[in-house]
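To keep things clear, I will list the structure first and then write my remarks on it.
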Amino acid sequence: MTNIYAVILAAGKGTRMKSKLYKVLHPVCGKPMVEHVIDQISNLHTQKIVTIVGHGAEEVKGYLGDKSEFALQAEQLGTAHAVRQAEDILAKEDGCTLVVCGDTPLIKSETMEALVKYHQEQKAKATILTGYTEHPDGYGRIIRSQEGTVERIVEHKDASSDERQVKEINTGTYCFDNRALFETLKKVSNDNAQGEYYLPDVIEILKDAGEKVTAYQTQDFDETLGVNDRVALSQAEKIMRERINIKHMRNGVTLISPENTYIGPDVTIGSDTVIHPGTVLSGHTVIGDDCQIGPNSEIKNCRIGDHTTIRQSVASDSEIGCDVAIGPFAHIRPASHIHDEVKVGNFVEIKKSVFGKGSKASHLSYIGDAEVGSDVNIGCGSITVNYDGKNKFLTKIEDGVFIGCNSNLVAPVTVGKGAYVAAGSTITDDVPGESLSIARARQVNKENYVQKLNLNE
Ligand code: UD1
Ligand code: CA
1 MTNIYAVILA
11 AGKGTRMKSK
21 LYKVLHPVCG
31 KPMVEHVIDQ
41 ISNLHTQKIV
51 TIVGHGAEEV
61 KGYLGDKSEF
71 ALQAEQLGTA
81 HAVRQAEDIL
91 AKEDGCTLVV
101 CGDTPLIKSE
111 TMEALVKYHQ
121 EQKAKATILT
131 GYTEHPDGYG
141 RIIRSQEGTV
151 ERIVEHKDAS
161 SDERQVKEIN
171 TGTYCFDNRA
181 LFETLKKVSN
191 DNAQGEYYLP
201 DVIEILKDAG
211 EKVTAYQTQD
221 FDETLGVNDR
231 VALSQAEKIM
241 RERINIKHMR
251 NGVTLISPEN
261 TYIGPDVTIG
271 SDTVIHPGTV
281 LSGHTVIGDD
291 CQIGPNSEIK
301 NCRIGDHTTI
311 RQSVASDSEI
321 GCDVAIGPFA
331 HIRPASHIHD
341 EVKVGNFVEI
351 KKSVFGKGSK
361 ASHLSYIGDA
371 EVGSDVNIGC
381 GSITVNYDGK
391 NKFLTKIEDG
401 VFIGCNSNLV
411 APVTVGKGAY
421 VAAGSTITDD
431 VPGESLSIAR
441 ARQVNKENYV
451 QKLNLNE
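Right under this line is the structure:
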């Protein structure tokens with residue numbers, strides 16, 4: 001087995017994006033472009049992955065963490081110069097090296113695998129992944145001889161008007177013999193329209209030295225879309241979204257309106273779950289089987305069981321069990337753990353709380369920093385008073401408790417097992433289990449009061 005290495009070019013600033021954010025960090029379906037590329041490469045069996053960083057180096061490294069090694073390109077002198085920065089890590093290795101641009105987020109591992117295979121079969125020193133497009137503007141063009149062999153790549157800005165008619169383009173993904181690559185890079189000059197060291201020039205230099213160069217053309221142009229500006233970014237977003245949505249539908253998930261459903265690349269959804277329009281699922285969200293999600297719901301980094309319904313609601317960084325009903329218009333904030341068969345109804349906010357099995361907060365509640373046992377009923381409008389302006393405190397509501405409507409539970413406080421809190425109470429002291437606590441002024445009825453009022457007039 002030949003060793004395979006990969007170099008990802010991610011040092012450019014991305015001037016055409018007109019953005020404060022470095023180009024390769026612009027998200028497509030919620031994930032930075034360069035991370036899409038690395039995640040696809042990670043499906044191949046590579047010995048080393050080296051990402052070339054420059055602009056925003058620390059941020060890019062921060063995003064990618066231990067998914068890649070890094071080499072710094074302090075000055076952006078062109079794509080050939082960028083690859084040279086991996087010399088210390090790679091130059092002495094034997095094998096094939098894939099070079100991929102960090103701004104082609106749609107590239108798939110299957111295509112890179114096919115490219116490597118073709119390269120090996122052809123026993124070539126370099127193989128270019130090419131695409132065919134009716135709109136080749138901006139891309140490097142593949143110049144072939146009359147016999148059809150690849151001769152060189154000419155950049156759009158350096159191309160003659162005849163060359164600009166060519167519709168076969170350089171996708172920016174290549175497979176090289178590793179040693180030949182690093183030897184040839186030394187010979188690349190910057191004598192061109194942009195004054196840059198072009199990686200594509202390696203092709204012509206190898207060819208002139210009598211080495212074999214080939215091209216592998218992908219049928220799916222979409223996959224090779226290079227994102228240089230926000231128009232291309234929106235195209236990439238659309239294609240990626242469709243790709244993700246189709247994957248889920250093939251897996252047995254119903255999307256009522258795929259055009260209006262936004263699912264991140266790392267989301268998992270079980271079969272027979274129905275996703276309604278206007279739903280945004282992101283991060284490492286996992287949804288079980290037979291759920292109803294949406295319409296108009298936003299769920300980030302949540303783990304959700306089976307048979308759960310979430311309507312018109314927002315949930316993040318939380319765990320939600322099976323047979324749970326959330327919404328409409330509920331908000332589940334981070335670090336909440338909602339057990340099975342819970343009901344969280346309209347205008348209920350839950351933050352950093354455990355909600356035990358079968359418990360209910362059906363209307364207009366705020367439950368923050370609380371441990372709620374099982375089979376608890378929290379009446380309409382009741383809240384935990386968790387904050388004194390400086391610190392947060394815990395409210396404990398034990399199993400089987402009934403909290404009457406519009407109660408305030410001033411933390412730290414515990415309502416013991418099976419206790420009742422009368423509606424309208426403001427509870428500041430612990431309530432013993434099995435008791436009834438009433439903490440409000442007693443009602444006074446002043447009979448015939450209105451008549452007395454009228455007499456005084
Ligand atoms: C490049 C190719 C072009 C190809 C196109 C495909 C060159 C000279 N041209 O053009 O043939 O059709 O990609 O999308 O290679 N980068 C660095 N350091 C640098 C310069 C660039 O790391 O000094 C990185 C960028 O961050 C980017 C990638 O290399 O991820 C490509 O650079 P870019 O400027 O976007 O090249 P294109 O003009 O798109
Ligand atoms: Ca580009």
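In terms of UniProt numbering, the sequence shown opens at residue 1 and continues consecutively. Each residue gets a CB set at the ideal place from its N, CA and C atoms; glycine is no exception.
- Counting only heavy atoms of ligand 2, the residues whose C-beta sits closer than 5 Å to one of them are, along the chain, ASP103, GLY226, ASN228.
- In this model, ASP429 and LEU394 are separated by some 13 Å (Cα to Cα).
- In the three-state scheme derived from DSSP, where H, G and I count as helix and E and B as strand, SER435 is classed as coil.
- Distance check between ARG230 and each of ILE49, LEU25, TYR118, GLU341 places LEU25 closest, using alpha-carbon atoms only.
- By the neighbour-count criterion, in which a residue is buried when 16 or more other Cβ atoms sit within 10 angstroms of its Cβ, SER145 is exposed.
- In this structure, THR173 and LEU225 do not form a Cβ contact; the two beta carbons are roughly 12 Å apart against a cut-off of 8 Å.
- Under the three-state reduction of DSSP, PHE355 is assigned to strand.
- According to the DSSP secondary-structure assignment, HIS307 is paired through a beta bridge with no residue.
- In the three-state DSSP reduction, THR214 falls in the strand class (E or B).
- Taken through DSSP and simplified to helix, strand or coil, LEU185 comes out as helix.
- A direct Cα-Cα distance of roughly 37 Å separates SER271 from TYR5.
- Not a single heavy atom of ligand 1 lies less than 7 Å from the C-beta of LEU25.
- The closest CA to that of GLY252, considering only GLY264, THR268, ARG241, is found on THR268.
- Distances taken from the Cβ of THR79 to the heavy atoms of ligand 1 include one shorter than 7 Å.
- A distance criterion of 7 Å places the beta-carbon of LEU9 in contact range of ligand 1, judged by its closest non-hydrogen atom.
- Excluding sequence positions up to five before and after GLU87, its CB lies within less than 7 Å of the CB of PHE182, all in the same chain and listed in chain order.
- In the three-state DSSP reduction, ASN408 falls in the strand class (E or B).
- Where LEU281 is concerned, the enclosing beta strand (DSSP E) starts and stops at 279 to 282.
- In this structure, ligand 1 has a non-hydrogen atom nearer than 7 Å to the beta-carbon of LEU199.
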